[in-house]
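All letters in the sequence shown, in the order written, are residues 1 to 388 by the UniProt record's numbering. Using N, Cα and C, we set each Cβ at its ideal position, and we do this for glycine too. All remarks here apply to the structure that follows.
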Amino acid sequence: MASAAKGLRRLPLSYDESDFENSARNIVYEINPHWRTDPGPVVIKRFTEGIMNTLLKLTKEAPGRSDIENDNDAVLLRSYGRDSDIMIDREMEVTTHMLLSDRDLAAPLLARFEQGLLYKFNPGRVCTEKDFQQEPIWRAVAARLGEWHARLPLPNIEDMTDSDSKPPPSRPRTIWTVMQEWLDALPSKTEGQRHQQKLLQEEFGRCSRELNGEGGEDIGNYILGHCDLLSANVIIPPEENSAGDDLARQVHFIDFEYAVPCPPAYDLANHFSEWAGYDCDYHLLPTRSTRRRFIEQYLEYYGRHAERSENLSVDQLCHEVDTYRGMPGLVWGVFSLIQQEISEVKFDWPLFAERKLAEFWTWRRETDGSREKDGEDVPTRERKWGAE
């Protein structure tokens, strides 16, 4: 896909949260100028499930049209959080979204503005952590994720910049390179912060050696992972919009800003970790038997759509997912340490960082035997993960 991000229309406009209604309407009027004069109001709905970005739905409620007809023309406006470019490659995000849209796996992108995107609205409701406990829902997620991993090519390096003057990266971005970028961005003003950065860097290197081997990453076995598949990024479409018996069409995925090449086992382990939600309720994590059935469903749909033959067995992938189960805690723990310095979102980043890093450390102590050696009880997360 040659420089997909370059072909997307750019609007020289900025979103202003302090005057969000007028600001949002003026941006959308650039792509739908008739909305200014056609009869009927432009109604704005704010979605509150996410914590990182502003997400607004703009609907032209034309007289004489049904809600469904109006929804079919609705536009989503997503404005990025402050300083989020420190954490996220926006060119990669646009390239990924267009790859998905070309394969009917995401709503079409309509335009970019100074700090965000416009794209078509897909009707549906946002999943909750409780929805993930329902077998029809998690089977649909498994099927959709299997199709995702099978059908999406890894982005080319030259597609990862939209500037002719800015050189592309020297190597593909992966979950490991992103993690290193985040470690480099950790706050280091105090002695305590520098000590923490050094400790986390050492653990990151240790994990890389353990999970990748001394030879380093084998990108040939990577897929393009969503890498942020929490409940708020899964949409259940209205019953009339779902595609019959095709499980993969019973849900949609949204928000692709963290999508990056990674091992399949990492994306799966991260998704299972997200079952606990922002409150980190580890009683909601899938048991060993549920994870196995999820992976069976995932592999079935992967096999339906894969262009290349994969020899992954259920047993092998279950084992690899278990091996990666500590990594999401490290990734999102580091992420949260940075967010508590730069984010304007009203969210308890210090507490969330503490909880996510605790997930990593409990995994480390379980795998290196130190927890058992010290005679301590198995922590709740590890106990639920190991439950049948």
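### Query
If we ignore side chains and look at the alpha-carbon of each, how far apart do R46 and D104 end up?
Computed Cα separation, rounded: 25 Å.
### Message
Three Cβ pairs or more, each shorter than 8 Å: is that satisfied between the segment 352 to 372 and the segment 249 to 260?
### Response
No, the segment 352 to 372 does not touch the segment 249 to 260.
### Task
Please determine, among V378, D322, R125 and F113, the residue with the shortest C-alpha to C-alpha distance to R288.
Checking every option, the nearest Cα to that of R288 belongs to D322.
### Query
Could you check where the beta strand (DSSP E) with R78 kicks off and where it finishes?
In the DSSP annotation of this structure, the continuous segment of the beta strand (DSSP E) that includes R78 starts and ends at V75 to S79.
### Query
Under three-state DSSP, which class holds I137?
Helix at I137.
### Task
Return helix, strand or coil for L211, following the three-state DSSP convention.
DSSP places L211 in helix when its eight states are reduced to three.
### Message
So L330 and E203 are supposed to be a Cβ contact under 8 Å. How far apart are they, rounded?
### Response
So it is a contact: roughly 7 Å between Cβ atoms.
### Query
How big is the Cα-Cα spacing for P261 and D89?
Answer to the nearest angstrom: the Cα atoms are 13 Å apart.
### Query
Is N270 near C227, with beta carbons less than 8 Å apart?
Against a cut-off of 8 Å, the Cβ pair of C227 and N270 comes out as a contact.
### N- and C-terminal bounds of the alpha helix (DSSP H) containing K189
Segment: none, K189 is in no alpha helix (DSSP H) and carries neither H nor E.
### Task
Can you check DSSP and say which residues form a bridge with Y119?
DSSP lists L76 and L109 as partners of Y119.
#### Entry: Cα-Cα separation between R144 and I235, rounded to whole angstroms
The straight-line gap from Cα to Cα measures roughly 11 Å.
### Message
Using a Cβ-Cβ cutoff of less than 7 Å, which residues in the same chain neighbour R292 once the five nearest sequence positions on both sides are dropped?
### Response
When the five nearest sequence neighbours on each side are left out, the beta carbons in the same chain lying within less than 7 Å of the beta carbon of R292 are those of V314 and C318, in order along the chain.
### Message
Please tell me whether E341 has its Cβ less than 8 Å away from any Cβ of chain D.
### Response
You won't find chain D in this structure, because it holds only one protein chain.
### Query
What number of angstroms, rounded off, separates the C-alpha of D162 from the C-alpha of G7?
Unreliable placement is indicated for D162, whose pLDDT of 47 sits below 50; the coordinate value is still reported in the next sentence. D162 and G7: Cα-Cα distance of roughly 9 Å.
### Message
Count Cβ pairs between the segment 77 to 85 and the segment 329 to 349 that sit closer than 8 Å; are there 3 or more?
### Response
Three or more beta-carbon pairs drawn from the segment 77 to 85 and the segment 329 to 349 are found closer than 8 Å, and the two stretches are therefore classed as touching.
### Query
Going along the chain, which residues of its own chain have a beta-carbon closer than 6 Å to the beta-carbon of I27, five neighbours each way excluded?
So the qualifying residues of the chain are L13 and F113.
### Task
Pull up the DSSP beta-bridge partners for F253, would you.
The partner list for F253 (beta bridge, DSSP) reads V234.
### Task
Less than 8 Å between the CB atoms is what I'm expecting for G326 and R383, so what's the real figure, rounded?
By a beta-carbon distance limit of 8 Å, G326 does not contact R383. Their separation comes to about 15 Å.
### Message
Quick test of the definition: if touching needs 3 or more C-beta pairs under 8 Å, does the segment 54 to 66 touch the segment 34 to 43?
### Response
The segment 54 to 66 is in contact with the segment 34 to 43.
### Query
Residue ranges of each beta strand (DSSP E) run of no fewer than 3 residues wholly in the segment 251 to 285, ordered along the chain?
Within the segment 251 to 285, the complete beta strand (DSSP E) runs of at least 3 residues are 260 to 262.
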